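In what follows, a structure is listed as structure tokens, so that the remarks can point back to it.
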Amino acid sequence: MKRQLIVLSAPSGAGKTTVARHLLETFPFLRFSVSATTRDRRESEIHGKDYFFLTREEFKERIENGDLIEYEEIFGNYYGTLRSVVKDAISHGDFIVFDVDVKGALSLRHEFPDDTVLIFIAPPDMQTLSERLHHRHTETNAQIALRLARAEMEMGHEKSFDYVIVNGNLSETLSKAEEIVRFNAEGSPEQQELF
Ligand code: 5GP
Numbered sequence: 000m001k002r003q004l005i006v007l008s009a010p011s012g013a014g015k016t017t018v019a020r021h022l023l024e025t026f027p028f029l030r031f032s033v034s035a036t037t038r039d040r041r042e043s044e045i046h047g048k049d050y051f052f053l054t055r056e057e058f059k060e061r062i063e064n065g066d067l068i069e070y071e072e073i074f075g076n077y078y079g080t081l082r083s084v085v086k087d088a089i090s091h092g093d094f095i096v097f098d099v100d101v102k103g104a105l106s107l108r109h110e111f112p113d114d115t116v117l118i119f120i121a122p123p124d125m126q127t128l129s130e131r132l133h134h135r136h137t138e139t140n141a142q143i144a145l146r147l148a149r150a151e152m153e154m155g156h157e158k159s160f161d162y163v164i165v166n167g168n169l170s171e172t173l174s175k176a177e178e179i180v181r182f183n184a185e186g187s188p189e190q191q192e193l194f
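Okay, structure coming up:
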């Protein structure tokens, strides 16, 4: 059976965004679920492509209108999945990649139990995660501390996922993620070799 909703979750800094980008470049049939958020836009990000950047008032309005399938408050900002994006893709038979936190992934599974593939990208260990967060220079030390604390909580949920990829070697991680998508989209028989 084909599962159209491919959900990537990982502690911040584990490499999830890189995996999502790679999958979108590799498979033309994949679309990205652009979430709504109240967090500030980073310089490299584009409104409507990476996120829909909303004010807190706009976000609350979306919640009240029932426009969000799920939402979470993470690091003091709201993040949520737009119902319209998912409904549209399902009705067109498209496959969608989600980059959401662990709770978001579990909410999507709850809402679409037969259509979701849950993939958890784990860092090799907390030390590596901490180094990666420091090296990317997008967060302050205080923000990094929050992300590391949250990572501990997220790692506790990895058993609820269909697949766990430990991201020690990026090219191996990308191959495994590709294989999961192929298997779920095309029923590739090669999957056993990787897992
Ligand atoms: P960042 O600020 O680094 O872009 O994202 C912070 C966290 O929010 C990440 O774990 C990311 O996966 C998560 N996130 C992004 N969009 C959504 C969403 O729509 N729903 C949920 N639950 N989490 C999201």
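Just so you know, numbering that gives the first Met the number 0 puts 158 at position 159 of the sequence shown, and the rest follows in order with no gaps.
Built from N, CA and C at the ideal position, the CB exists for glycine as well.
Remember, predicted model here, so these are calculated numbers, not experimental data.
Where does residue i sit, in a helix, a strand or coil, going by DSSP?
i	result
PHE74	coil
GLN191	Residue placement at GLN191 is poorly supported in this model, since its pLDDT is 45, which falls under 50; the coordinates are not used for a value here.
ARG38	coil
ARG149	helix
ALA121	strand
LEU53	coil
THR115	strand
ILE5	strand
ILE179	helix
GLU157	helix
ILE89	helix
PHE58	helix
THR80	strand
Within this structure, are the beta carbons of residue i and residue j separated by less than 8 Å?
i	j	result
VAL33	LEU173	no
SER159	LEU105	yes
ASP66	SER83	yes
ILE164	ALA176	yes
VAL96	PHE31	yes
ARG2	ASP114	yes
ALA35	GLY79	yes
Assuming residue i and residue j form a contact by the criterion Cβ under 8 Å, report the distance between their Cβ atoms to the nearest whole angstrom.
i	j	result
LEU132	GLY12	4 Å
TODO: May I ask you to verify whether the stretch 0-9 touches the stretch 113-125, counting CB pairs closer than 8 Å and requiring at least 3?
DONE: yes
- [ ] Measuring from each Cβ to the nearest heavy atom of the ligand 5GP, keep the ones under 5 Å and list them in chain order.
- [x] Any heavy atom of the ligand 5GP within less than 5 Å of a residue's beta carbon puts that residue on the list, which reads SER34, GLU71, ILE73, TYR78, GLY79, THR80, ASP98, VAL99, ASP100 and GLY103.
Open item on the list: For the structure I just gave you, are there three or more beta carbon pairs, one from the stretch 18-27 and one from the stretch 62-80, closer than 8 Å?
Closed with: no
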